[in-house]
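Structure, as structure tokens:
Protein chains: 2
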Amino acid sequence: MSSTLKDIAQRTGKSITTVSRALNDYDDVSPKTKALVHRVAEELGYTPNLLAQRLQKHRSDTVGLILPTFGPRFSDPFFSEILAGVGNQAAECGYDLLVSTQAPGEKELEVYRQKVQGRQVDGFIVVRTRCHDLRIEYLRGAGIPFAVFGRTAGKLDFPFVDEDGVYGMRLVAEHLAGLGHRRIAFIAAPPDLMFARHRLEGLREGLAMLGIPLDEDLMVGGDLTQKGGYEQAGRLLDRPDPPTAIATGNDLMALGVMSAAQERGLVVGSDLAVTGFDDIPLAEHSHPPLTTVRQPIYQIGRQVCRMLIQLIRGEELEQQHVILQPSLVVRRSCGSTPPQMSPL
Amino acid sequence: MSSTLKDIAQRTGKSITTVSRALNDYDDVSPKTKALVHRVAEELGYTPNLLAQRLQKHRSDTVGLILPTFGPRFSDPFFSEILAGVGNQAAECGYDLLVSTQAPGEKELEVYRQKVQGRQVDGFIVVRTRCHDLRIEYLRGAGIPFAVFGRTAGKLDFPFVDEDGVYGMRLVAEHLAGLGHRRIAFIAAPPDLMFARHRLEGLREGLAMLGIPLDEDLMVGGDLTQKGGYEQAGRLLDRPDPPTAIATGNDLMALGVMSAAQERGLVVGSDLAVTGFDDIPLAEHSHPPLTTVRQPIYQIGRQVCRMLIQLIRGEELEQQHVILQPSLVVRRSCGSTPPQMSPL
DNA sequence: AGTATAAACCAAAACGTTTTGGTTGTCAAT
DNA sequence: ATTGACAACCAAAACGTTTTGGTTTATACT
Numbered sequence: 012m013s014s015t016l017k018d019i020a021q022r023t024g025k026s027i028t029t030v031s032r033a034l035n036d037y038d039d040v041s042p043k044t045k046a047l048v049h050r051v052a053e054e055l056g057y058t059p060n061l062l063a064q065r066l067q068k069h070r071s072d073t074v075g076l077i078l079p080t081f082g083p084r085f086s087d088p089f090f091s092e093i094l095a096g097v098g099n100q101a102a103e104c105g106y107d108l109l110v111s112t113q114a115p116g117e118k119e120l121e122v123y124r125q126k127v128q129g130r131q132v133d134g135f136i137v138v139r140t141r142c143h144d145l146r147i148e149y150l151r152g153a154g155i156p157f158a159v160f161g162r163t164a165g166k167l168d169f170p171f172v173d174e175d176g177v178y179g180m181r182l183v184a185e186h187l188a189g190l191g192h193r194r195i196a197f198i199a200a201p202p203d204l205m206f207a208r209h210r211l212e213g214l215r216e217g218l219a220m221l222g223i224p225l226d227e228d229l230m231v232g233g234d235l236t237q238k239g240g241y242e243q244a245g246r247l248l249d250r251p252d253p254p255t256a257i258a259t260g261n262d263l264m265a266l267g268v269m270s271a272a273q274e275r276g277l278v279v280g281s282d283l284a285v286t287g288f289d290d291i292p293l294a295e296h297s298h299p300p301l302t303t304v305r306q307p308i309y310q311i312g313r314q315v316c317r318m319l320i321q322l323i324r325g326e327e328l329e330q331q332h333v334i335l336q337p338s339l340v341v342r343r344s345c346g347s348t349p350p351q352m353s354p355l
Numbered sequence: 012m013s014s015t016l017k018d019i020a021q022r023t024g025k026s027i028t029t030v031s032r033a034l035n036d037y038d039d040v041s042p043k044t045k046a047l048v049h050r051v052a053e054e055l056g057y058t059p060n061l062l063a064q065r066l067q068k069h070r071s072d073t074v075g076l077i078l079p080t081f082g083p084r085f086s087d088p089f090f091s092e093i094l095a096g097v098g099n100q101a102a103e104c105g106y107d108l109l110v111s112t113q114a115p116g117e118k119e120l121e122v123y124r125q126k127v128q129g130r131q132v133d134g135f136i137v138v139r140t141r142c143h144d145l146r147i148e149y150l151r152g153a154g155i156p157f158a159v160f161g162r163t164a165g166k167l168d169f170p171f172v173d174e175d176g177v178y179g180m181r182l183v184a185e186h187l188a189g190l191g192h193r194r195i196a197f198i199a200a201p202p203d204l205m206f207a208r209h210r211l212e213g214l215r216e217g218l219a220m221l222g223i224p225l226d227e228d229l230m231v232g233g234d235l236t237q238k239g240g241y242e243q244a245g246r247l248l249d250r251p252d253p254p255t256a257i258a259t260g261n262d263l264m265a266l267g268v269m270s271a272a273q274e275r276g277l278v279v280g281s282d283l284a285v286t287g288f289d290d291i292p293l294a295e296h297s298h299p300p301l302t303t304v305r306q307p308i309y310q311i312g313r314q315v316c317r318m319l320i321q322l323i324r325g326e327e328l329e330q331q332h333v334i335l336q337p338s339l340v341v342r343r344s345c346g347s348t349p350p351q352m353s354p355l
């Protein structure tokens with residue numbers, strides 16, 4: 012059924028070499044032969060066997076992306092956006108995208124090794140960095156092209172794009188303080204994630220600068236899920252001295268917080284201020300719409316992918332490190348009528 | 012750097028054949044040799060070259076999914092959900108997922124051909140079927156395993172999962188009629204899409220059964236986007252005799268309809284009823300929450316992928332054709348206080 | 001002693017490309 | 001008649017596996 016160079020060679024009476032070179036437009040093949048080869052190739056419906064091609068060329072023209080998900084969390088909107096950005100950029104550059112999921116842990120590096128050494132991918136996109144990220148250490152050590160969304164606590168000698176989470180949370184702190192809040196709670200992200208650290212730090216700094224005391228009891232851990240936000244918010248709100256504002260480490264948890272508040276008869280926006288982080292598409296349509304920090308996830312996905320492809324091609328990177336300034340998106344979940352300003 | 016069978020063969024003093032067979036646990040290799048080979052393989056950090064393996068085995072253990080998107084519409088929530096389902100199922104079965112985007116048209120089939128004949132994938136998932144779907148004709152003709160989300164107008168001699176769109180829209184018709192609506196508009200999906208046809212047919216049937224006259228002027232075309240819904244709704248609402256209810260062919264357009272209505276000072280739910288179709292995650296959180304028809308996209312993605320993998324493995328399919336009954340999810344966009352019933 | 005059986009091993013072919021390092025034939029310049 | 005240059009072509013090696021179809025050696029049975 013599927014034809015090979017050999018078939019074309021037989022049909023044209025030329026050698027396999029010549030056929031190959033004809034199809035690749037080498038100039039040591041006569042125009043006449045080229046035409047013949049192309050015609051026969053067309054006739055036979057020839058398509059090169061990419062596996063063979065790649066085996067020989069030591070290139071797969073494929074970028075890898077392994078989503079660090081637990082269970083079926085593939086559908087996390089954050090990952091969907093990343094995936095969209097990476098996928099579109101890869102397609103535009105003529106690269107395929109190989110997607111896989113693998114929970115953080117023991118077997119994780121094995122999957123990276125397998126894909127890299129198995130020549131399935133030419134490079135990797137790494138997302139959702141941990142403070143000490145073994146994936147990055149491995150890739151760095153192995154000398155494989157990779158580009159990262161996020162930073163680590165270690166040496167930043169790799170190409171990355173990240174948002175300035177410290178700045179983002181400072182904006183939140185200022186916003187909440189400006190609305191008069193003094194008892195501000197924070198549901199953080201898991202502390203091994205680098206962005207969790209930045210965001211927590213930003214809140215601390217922001218409040219400190221404004222001279223607002225920070226109650227350590229109100230700083231609690233979260234797991235990034237809606238359910239987790241719901242549960243932690245419940246605990247915070249049931250305290251004898253509940254906070255008047257709850258900031259969260261990501262939008263999904265903020266949605267959970269709003270549910271918990273509403274269940275207790277509180278009106279989000281007047282009785283309780285809630286903020287998120289990320290500005291996933293849902294945030295705009297939540298009830299009430301969520302005040303949050305916007306980072307252009309889709310765009311970041313594109314950019315990281317573009318960096319990776321440049322790296323793979325051996326081109327010079329314009330910028331090795333990109334840190335984007337996020338902006339505060341004021342909606343209704345903190346009660347202030349959103350001013351019609353465009354974010355800085 | 013990356014080691015091969017040859018390296019192991021040299022180190023152990025055995026032949027490449029024996030090493031290969033040892034690693035694959037053939038029983039014509041002595042236990043002692045197996046142990047030796049495994050130890051050395053470990054030492055050298057051997058990982059098989061998947062390209063070579065696949066070239067030889069004529070299998071890629073990869074399923075392909077090409078999203079038929081125009082421009083950067085990768086982020087359509089519908090596709091995200093599908094992708095999540097397919098991706099998780101594939102990962103669970105030990106398959107890789109190769110994702111690509113390609114707008115419908117000329118070049119589309121070429122991409123399928125290339126991936127199939129290039130041995131990049133063992134089979135395809137086809138989504139968002141057209142009435143006459145060339146992709147399906149090609150795959151059928153080429154004898155390549157594939158499984159489909161959706162149906163076509165032609166012979167249904169391929170494995171698919173689909174929702175009963177006719178039934179779904181009949182539920183909508185009944186619901187709207189039950190609320191007293193008589194002037195009902197519909198913003199349809201592009202008519203070459205099979206599901207568009209089903210949904211339109213369902214609405215027609217439903218209204219006919221209830222004896223409600225159907226004004227052809229109120230049946231308009233849509234493009235599935237929020238913007239498209241917004242524009243068409245604007246035109247409908249600016250008529251001298253506007254409808255009291257606007258049903259739509261998908262949720263995204265319904266969101267656009269609500270914006271258009273609200274911009275005109277109408278209260279969605281009392282002044283105008285709006286319905287969607289799909290029940291994407293956004294629907295629950297829209298403002299007001301959207302009454303829509305629920306189809307379990309994520310689950311369908313999983314199931315289609317499972318079917319494909321069974322097909323690839325040559326296993327018997329339990330069911331060749333699966334048609335799921337959707338259910339109406341009553342929220343606030345039609346005004347009725349949502350009864351606390353569980354959908355049928 | 002000769003023959004069958006089994007255990008352990010291996011050389012070579014195959015998968016379908018690309019690349020290397022040629023060869024052959026023609027023509028023009030010496 | 002050589003020489004050199006050039007155009008057009010190709011055989012064989014290479015990529016890293018798996019599979020085919022063996023061979024060799026030891027052991028057990030007549």
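One line per chain: the protein sequences are P and L, in this order. Under my numbering, the first sequence is numbered contiguously, ending at residue 355. Under my numbering, the second sequence is numbered contiguously, ending at residue 355. Even for Gly, the Cβ is constructed at its ideal location relative to N, Cα and C. Keep in mind it's a predicted model, so treat the numbers as computed, not measured.
Fully enclosed beta strand (DSSP E) runs of no fewer than 3 residues occupy 332-335, 338-340 of the segment 319-343 of chain L, in order along the chain. Our two residues, LEU120(L) and ILE320(L), have alpha carbons roughly 22 Å apart in a direct line. In this structure, LEU187(L) is the residue among LEU55(L), SER14(L), LEU187(L), ALA33(L) with its C-alpha nearest to the C-alpha of LEU339(L).
Considering only LEU182(L), MET180(L), CYS142(L), ALA258(L), the residue with the shortest C-alpha distance to LYS166(L) is CYS142(L). For ARG305(L), the enclosing beta strand (DSSP E) covers residues 303-305.
THR80(P) and THR112(P) do touch by the CB rule: their CB atoms are close to 5 Å apart, below 8 Å. Interface annotation, ARG151(L): not in contact with chain P, CB-CB separation never under 9 Å.
Beta-bridge pairing by DSSP links ILE257(P) to ALA196(P), VAL285(P). Annotated three-state conformation of THR112(L) is strand, per DSSP. About 7 Å separates the beta carbons of ILE198(P) and VAL268(P), which is inside the 8 Å limit, making them a contact pair. In the three-state reduction of the DSSP assignment, ARG246(L) falls in the helix class, which pools H, G and I. A direct Cα-to-Cα measurement between GLU148(P) and ASP107(L) gives close to 24 Å. By DSSP's assignment, PHE160(P) forms a beta bridge with VAL138(P), VAL172(P). Shown here, VAL315(P) sits in a helix according to DSSP, grouped into three states. Across the segment 106-117 of chain P, CB contacts with chain L closer than 9 Å involve ASP107, LEU108, LEU109, VAL110, SER111, THR112, GLN113, in sequence order along the chain. For LEU62(L), the secondary structure class from DSSP, reduced to helix, strand or coil, is helix.
A straight-line Cα-Cα distance of about 14 Å links TYR241(L) and ALA200(L). Not a single CB atom of chain P sits nearer than 9 Å to the CB of ARG317(L).
Bounds of the alpha helix (DSSP H) holding LEU16(P) are 16-23. In this structure, ASN60(L) places its C-beta atom within 9 Å of the C-beta atom of LEU66(P). Assigned with DSSP and collapsed to three states, ASP72(L) falls in coil, not helix or strand. With 16 or more neighbouring CB atoms inside 10 Å of its own CB, ASN261(L) falls in the buried class. Beta-bridge partners assigned by DSSP to MET230(L): PHE197(L).
Look at ALA188(L): its C-beta is not under 9 Å from any C-beta on chain P. For LYS45(P), the uninterrupted alpha helix (DSSP H) segment begins and ends at 42-55.
In the three-state reduction of the DSSP assignment, LEU218(P) falls in the helix class, which pools H, G and I.
In the structure shown, the three-state DSSP call for ILE155(L) is coil.
Proximity of ARG65(P) to chain L, defined by a Cβ-Cβ separation below 9 Å, is satisfied. Of the candidates GLY189(L), PHE160(L), ARG208(L), GLY189(L) places its Cα closest to the Cα of ILE223(L).
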